[in-house]
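Taking the working numbering, the leading residue of the sequence shown gets 102, the next gets one more, and so forth. Even glycine gets a Cβ: it sits at the ideal position worked out from N, Cα and C.
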Amino acid sequence: MTNTPISTALLSYGMSGLVFHGPLIKVHPQFNLTTIVQRKSSVAPALFPKAKIVQRVDEVLNDPSIELVVVNTPNETHYEFSRKALEAGKHIIVEKPFTVSEAEANKLIQLAKTKGKTLTVFQSRRWDGDFLTVKKVIDKKLLGKLVEFEAHYDRFRNYIEPNTWKEEKAIGTGILYNLGSHMLDQVLLLFGMPQEVDARVGIQRPGGQVDDFYDIRLQYDGFHAIVKSSYLVREQGPRYILHGTDGSFTKYGTDLQEQDLKDGKVPGSPGWAVEPKEAWGKLNTVIDGVHIEGKIETIPGNYNGFYQNVYEVIREGKPLAVKPEESRDVIKLIEACYESNRLRTAIKI
């Protein structure tokens with residue numbers, strides 16, 4: 102065991118590096134971002150003036166001083182870069198989605214075990230405040246027996262964003278890999294693998310090349326979960342809708358952390374991710390024979406919790422919060438969703 106900060110490298114400094122990984126690493130005293138792969142611009146030195154800026158991934162892999170590599174490159178490259186980094190003896194954080202196929206995920210999991218290295222996936226929305234609150238409502242059985250869970254992650258983006266691989270038709274692009282990998286991870290964390298999945302995935306925006314909406318129904322024993330997302334929702338509905346035998350819970354709005362990070366706010370600062378009262382979710386239920394109706398305070402979100410866990414795993418040998426097998430199951434579900442959409446029928450898992 103050592104208290105030496107973990108020498109870390111970022112394989113990209115696009116949106117995920119600039120908005121998420123960079124700031125979260127910056128504020129954590131037990132990580133030292135020493136190297137950044139940045140080919141097209143030079144914005145990284147603004148936040149990391151002492152970091153080494155390199156042009157090629159091999160410069161990271163061949164540096165023995167680097168312990169941890171964040172693979173935050175385009176989705177279809179996750180497997181190959183993660184494989185090379187593990188073979189080079191590095192610990193790995195992979196940006197979601199883990200890989201573009203279950204087979205690739207299984208290969209990486211086995212390689213990490215062989216090499217004795219930490220492998221995890223940045224399923225950051227496990228630390229969203231609204232999700233943490235929903236999880237508490239379910240864990241405390243405040244609604245009685247749950248009969249329906251519905252989650253939305255909607256945006257209004259009725260244009261095709263130029264100059265981004267995310268809008269180009271390729272393996273692993275589209276809204277299901279992008280946002281669905283977060284939402285399905287949340288459902289799996291709450292309920293485990295479903296018995297079957299029935300999904301519709303497609304393109305709604307004129308001129309679109311990648312999937313921009315999905316509607317997924319996951320069947321469990323005695324209840325079902327609905328997961329929906331679209332880029333053409335101008336009037337936002339509830340983010341979460343839960344119904345049980347004793348009551349309901351609804352929550353509007355999204356976690357504040359992503360926007361705060363985009364606005365340059367410092368993670369972990371006073372008031373970080375604290376939601377105003379008017380945005381709290383509404384509970385209407387019966388508990389011990391007493392009818393209760395009112396607001397439930399939103400638990401503050403904490404993306405820093407992900408990196409804190411990674412530090413504790415590498416330096417202290419504590420259990421991993423986001424196990425790669427869990428993120429592998431997300432990819433398995435995504436593949437099942439596409440198959441269900443192709444066949445226009447439910448797929449047994």
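Short check: CB of residue i to CB of residue j, under 8 Å?
i	j	result
Gln139	Ala147	no
Val238	Phe324	no
Trp302	Leu434	The question names Trp, yet the displayed sequence has Val at residue 302. Contact flag unset, no.
Gln211	Ser428	no
Ile450	Met284	no
Ser166	Ser108	yes
His129	Tyr408	yes
Ile304	Asp316	no
Ile432	Phe199	yes
Asn442	Ala300	yes
Tyr404	Gln358	yes
Lys242	Leu291	no
His477	Val171	The requested residue 477 is not part of the displayed model; the chain covers only 102 to 450.
Ile137	Leu111	yes
Trp266	Gly406	no
Asn176	Tyr278	yes
Leu125	Pro371	no
Glu262	Glu268	yes
To the nearest angstrom, report how far apart residue i and residue j are at their CA atoms.
i	j	result
Leu233	Gly402	7 Å
Asn173	Glu436	21 Å
Leu333	Lys141	31 Å
His253	Lys363	22 Å
Phe132	Leu220	17 Å
Val311	Gly275	5 Å
Asn264	His392	54 Å
Val155	Thr105	24 Å
Pro307	Asn259	8 Å
Lys151	Tyr412	21 Å
Met116	His179	16 Å
Lys197	Ala204	16 Å
Glu188	Leu209	10 Å
Gly217	Asp164	19 Å
Arg256	Gly273	20 Å
Ser330	Ile342	14 Å
Ile414	Arg445	According to the sequence shown, residue 414 is Val rather than Ile. Val414 and Arg445: Cα-Cα distance of roughly 42 Å.
Asp361	Glu251	26 Å
Gly338	Lys366	27 Å
Arg335	Tyr353	14 Å
Ile388	Lys246	12 Å
Cys438	Ala271	17 Å
Gln296	Val423	22 Å
Arg451	Gly190	Missing from the structure shown is residue 451; the chain here goes from 102 to 450 and no further.
Gly418	Gly309	46 Å
Asp240	Leu319	19 Å
Measure how close the beta-carbons of residue i and residue j come, nearest whole angstrom, since I'm counting them as under 8 Å.
i	j	result
Thr351	Gly382	6 Å
Arg226	Gln287	6 Å
Pro425	Ala213	7 Å
Ile194	Leu162	Actually they are not in contact, since the Cβ atoms of Ile194 and Leu162 sit about 15 Å apart, beyond 8 Å.
Thr386	Leu244	6 Å
Arg416	Thr135	With 8 Å as the limit, Arg416 and Thr135 do not qualify as a contact, their Cβ atoms being about 17 Å apart.
Leu289	Gly348	Not a contact, Cβ separation roughly 25 Å.
Gly230	Ile400	5 Å
Determine the DSSP secondary structure at residue i, reduced to helix, strand or coil.
i	result
His129	coil
Lys197	coil
Lys191	coil
Lys218	coil
Leu112	coil
Ile107	strand
Ile450	coil
Is any beta-carbon of chain C found at less than 8 Å from that of residue i?
i	result
Glu262	The structure shown contains no chain C; it holds only a single protein chain.
Unbroken stretches of the beta strand (DSSP E), 3 residues or longer, contained in the stretch 376-425: As far as the stretch 376-425 is concerned, its whole beta strand (DSSP E) runs of at least 3 residues are 382-388 and 391-397.
In chain order, each beta strand (DSSP E) run of at least 3 residues that lies wholly inside the stretch 304-388: Fully enclosed beta strand (DSSP E) runs of 3 or longer: 314-320, 325-331, 341-345, 349-352 and 382-388.
Complete alpha helix (DSSP H) runs within the stretch 232-316 (minimum length 4 residues, chain order): With a minimum length of 4 residues, the continuous alpha helix (DSSP H) runs that stay inside the stretch 232-316 are 276-279 and 281-292.
Scan the stretch 116-169 and note each continuous alpha helix (DSSP H) run of 4 residues or more that stays entirely inside, going in chain order. Qualifying alpha helix (DSSP H) stretches, in chain order: 123-128, 145-148 and 158-162.
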